[in-house]
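Numbering (the working numbering), first residue to last: 28 to 112.
We treat Cβ as the ideally placed atom computed from N, Cα and C, and that holds for glycine.
These notes are about the structure you will find just below.
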């Protein structure tokens, strides 16, 4: 659901965890990110999540919180830029 110029830059997405085990994780989406990194042999790689539910990550996780109504806006871009520098 991205414009074509953005869609070609997307290299993957987080896997869905086993529904039988998701209740074991306090920070579900964070666990999905960690699993993605594990599956792609990138556990030590830097990463930043862009998400509309930052509560699914521990407080120290690198997350750009977006508003689910406005999406990724200029403020989000500024926060992401700060993570990338």
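Under DSSP, residue 69 forms no beta bridge with any residue.
According to the DSSP secondary-structure assignment, residue 34 is paired through a beta bridge with no residue. Minimum Cα-Cα distance from residue 57 among the listed residues 82, 72 and 100 corresponds to 82. For residue 92, the enclosing beta strand (DSSP E) stretches over residues 90-92. Note on residue 96: under 16 other CB atoms within 10 angstroms of its CB, so exposed under the neighbour-count rule.
Of the residues assessed, residue 59 falls on the buried side of the cut-off, its CB having 16 or more other CB atoms within 10 angstroms.
Distance from the CA of residue 54 to the CA of residue 84, rounded to the nearest whole angstrom, comes to 5 Å.
In this structure, the straight-line span from the alpha carbon of residue 44 to that of residue 106 is close to 28 Å.
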